[in-house]
Amino acid sequence: MAELDVKRLAEYLIDGEIGRKEVTRITAELPQLTVEDGYKIQEQLVAMKLSEGYRIVGPKMGLTSQAKMKQMNVEEPIYGYIFDYMVISDGVIPMNELIHPKVEAEIAFVLGKDIEGPGITGAQVLAATEYVVPALEIIDSRYENFQFTLPDVIADNASSSRVVFGSRFTRPEGLDLDLVGVTLSINGELKDFGAGAAVLGHPANSVAMLADMLARKGQKLRAGEVILTGGVTGAAMLHAGDTVTAKWDGLGEITLSVK
Ligand code: OOG
Ligand code: MG
Numbered sequence: 100m101a102e103l104d105v106k107r108l109a110e111y112l113i114d115g116e117i118g119r120k121e122v123t124r125i126t127a128e129l130p131q132l133t134v135e136d137g138y139k140i141q142e143q144l145v146a147m148k149l150s151e152g153y154r155i156v157g158p159k160m161g162l163t164s165q166a167k168m169k170q171m172n173v174e175e176p177i178y179g180y181i182f183d184y185m186v187i188s189d190g191v192i193p194m195n196e197l198i199h200p201k202v203e204a205e206i207a208f209v210l211g212k213d214i215e216g217p218g219i220t221g222a223q224v225l226a227a228t229e230y231v232v233p234a235l236e237i238i239d240s241r242y243e244n245f246q247f248t249l250p251d252v253i254a255d256n257a258s259s260s261r262v263v264f265g266s267r268f269t270r271p272e273g274l275d276l277d278l279v280g281v282t283l284s285i286n287g288e289l290k291d292f293g294a295g296a297a298v299l300g301h302p303a304n305s306v307a308m309l310a311d312m313l314a315r316k317g318q319k320l321r322a323g324e325v326i327l328t329g330g331v332t333g334a335a336m337l338h339a340g341d342t343v344t345a346k347w348d349g350l351g352e353i354t355l356s357v358k
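Taking the working numbering, the leading residue of the sequence shown gets 100, the next gets one more, and so forth.
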């Protein structure tokens with residue numbers, strides 16, 4: 100393949116996000132695009148956002164559950180980044196800033212100390228974890244019809260768009276995060292449910308895998324970052340006027356409205 104124009108492709112995706120318009124997936128133009136190329140475009144996109152003054156809240160894992168992999172027809176976990184401007188604190192999803200958002204229920208981790216791969220285990224992650232907190236992630240693929248291949252979605256910062264964190268941070272000691280039941284309802288109708296084990300057997304395994312993926316780039320997970328481990332449930336489409344309620348057994352609940 101001719102040299103990958105990461106700058107043009109990152110700008111193309113950012114234009115889609117800012118202009119709230121679906122773009123054609125990159126692999127329609129560049130069918131040979133690899134996973135590695137996808138991360139090169141993502142790195143460029145992240146660098147551009149940092150240079151605009153946005154800050155990273157933490158990394159996120161995606162496609163870590165069978166529900167998500169089946170739903171998106173993609174079979175491998177990926178990572179991306181959540182920025183400060185994506186965090187919603189008033190419980191209102193601004194539909195007019197988004198393209199075709201979906202919501203998914205997740206369990207997030209806050210580390211008390213840095214973790215550097217490779218070879219990290221879920222037990223090591225738990226030992227380094229200060230808190231866990233429930234999160235609703237709003238994903239909003241920039242691609243037409245929310246359809247993509249693995250390299251496309253990686254380039255698109257793993258569809259990151261918005262996130263709402265629960266108000267209660269819980270110490271991990273004594274919690275069986277694999278057994279935590281999660282329900283996701285919209286307008287009172289149950290859309291999906293699951294348990295923490297849906298995420299790679301235990302959400303801590305998702306953080307461990309992320310540490311190993313970042314180690315390949317010479318990067319590590321840092322204390323204080325909030326790390327999303329991936330949807331426990333499948334993602335549900337959002338529409339203006341919706342009220343979303345999700346509950347995590349023992350961890351809390353989140354309600355948000357779509358305006
Ligand atoms: C990719 C992002 C997936 C998750 O939690 O699985 C993700 C997508 O489905 O658009 O954030
Ligand atoms: Mg997610």
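All C-beta atoms, glycine included, are put in the ideal place defined by N, C-alpha and C. For clarity, every value in this text was computed on a predicted model and none was experimentally measured.
Candidates the options: closest to residue i by CA position
{"i": "Arg270", "options": "Ile206, Val186, Glu151 and Gly330", "result": "Ile206"}
{"i": "Val341", "options": "Lys290, Asp311 and His301", "result": "The question names Val, yet the displayed sequence has Asp at residue 341. Ranking the options by Cα distance to Asp341, first place goes to Lys290."}
{"i": "Ile140", "options": "Tyr184, Gly295, Leu249 and Val357", "result": "Leu249"}
{"i": "Ala234", "options": "Met168, Ile253, Ala345 and Gly152", "result": "Ala345"}
{"i": "Ser258", "options": "Gly115, Asp104 and Asp213", "result": "Gly115"}
{"i": "Leu320", "options": "Leu103, Ala204 and Pro158", "result": "Pro158"}
{"i": "Met312", "options": "Gly273, Asp183, Ile214 and Val331", "result": "Ile214"}
{"i": "Leu149", "options": "Asn286, Tyr184 and Thr328", "result": "Tyr184"}
{"i": "Thr282", "options": "Gly323, Glu128, Gly351 and Phe268", "result": "Gly351"}
{"i": "Leu223", "options": "Thr354, Glu272 and Asn286", "result": "The question names Leu, yet the displayed sequence has Gln at residue 223. It is Glu272."}
{"i": "Val186", "options": "Ile237, Tyr242 and Gln165", "result": "Ile237"}
{"i": "Arg241", "options": "Arg154, Tyr153, Glu288 and Val122", "result": "Val122"}
{"i": "Leu112", "options": "Leu132, Asp251 and Val134", "result": "Asp251"}
With 16 other Cβ atoms within 10 Å as the buried cut-off, status of residue i
{"i": "Arg261", "result": "buried"}
{"i": "Lys120", "result": "exposed"}
{"i": "Met336", "result": "exposed"}
{"i": "Pro130", "result": "exposed"}
{"i": "Glu175", "result": "exposed"}
{"i": "Thr217", "result": "Reading off the sequence shown, one finds Pro at residue 217, where the question assumed Thr. So Pro217 counts as exposed."}
{"i": "Arg124", "result": "buried"}
{"i": "Val232", "result": "buried"}
{"i": "Gly362", "result": "The displayed coordinates of the chain run from 100 to 358. Any statement about residue 362 would go beyond what the structure contains."}
{"i": "Ser356", "result": "exposed"}
{"i": "Lys106", "result": "exposed"}
{"i": "Thr354", "result": "exposed"}
{"i": "Gly287", "result": "exposed"}
{"i": "Lys201", "result": "buried"}
{"i": "Val255", "result": "Here residue 255 turns out to be Asp, not Val, going by the sequence shown. Asp255 should be labelled buried."}
{"i": "Ala127", "result": "exposed"}
{"i": "Gly190", "result": "exposed"}
Rounded separation between residue i and residue j - CA only
{"i": "Val156", "j": "Gly179", "result": "11 Å"}
{"i": "Ala339", "j": "Ala314", "result": "41 Å"}
{"i": "Leu197", "j": "Ala226", "result": "37 Å"}
{"i": "Asn244", "j": "Phe292", "result": "24 Å"}
{"i": "Met168", "j": "Leu162", "result": "5 Å"}
{"i": "Gly137", "j": "Val173", "result": "14 Å"}
{"i": "Ser305", "j": "Gly329", "result": "8 Å"}
{"i": "Phe208", "j": "Trp347", "result": "14 Å"}
{"i": "Met171", "j": "Lys316", "result": "26 Å"}
{"i": "Gly280", "j": "Ala204", "result": "11 Å"}
{"i": "Ile219", "j": "Ala296", "result": "18 Å"}
{"i": "Leu144", "j": "Ala303", "result": "27 Å"}
{"i": "Phe247", "j": "Ile117", "result": "19 Å"}
{"i": "Leu103", "j": "Ile181", "result": "25 Å"}
{"i": "Gln165", "j": "Glu151", "result": "36 Å"}
Beta-carbon separation (whole angstroms), residue i vs residue j, contact threshold 8 Å
{"i": "Gly300", "j": "Asp277", "result": "7 Å"}
{"i": "Ala307", "j": "Gly221", "result": "5 Å"}
{"i": "Tyr230", "j": "Phe264", "result": "Between Phe264 and Tyr230 the Cβ distance is about 11 Å, and since that is not below 8 Å, they are no contact."}
{"i": "Ile177", "j": "Ile253", "result": "5 Å"}
Any chain B beta carbon closer than 8 Å to residue i
{"i": "Phe208", "result": "Of the protein chains in this structure there is only one, and it is not chain B."}
* For review: beta carbons within less than 7 Å of any heavy atom in ligand 4 -> In the structure shown, ligand 4 is absent; the only ligands present are ligand 1 and ligand 2.
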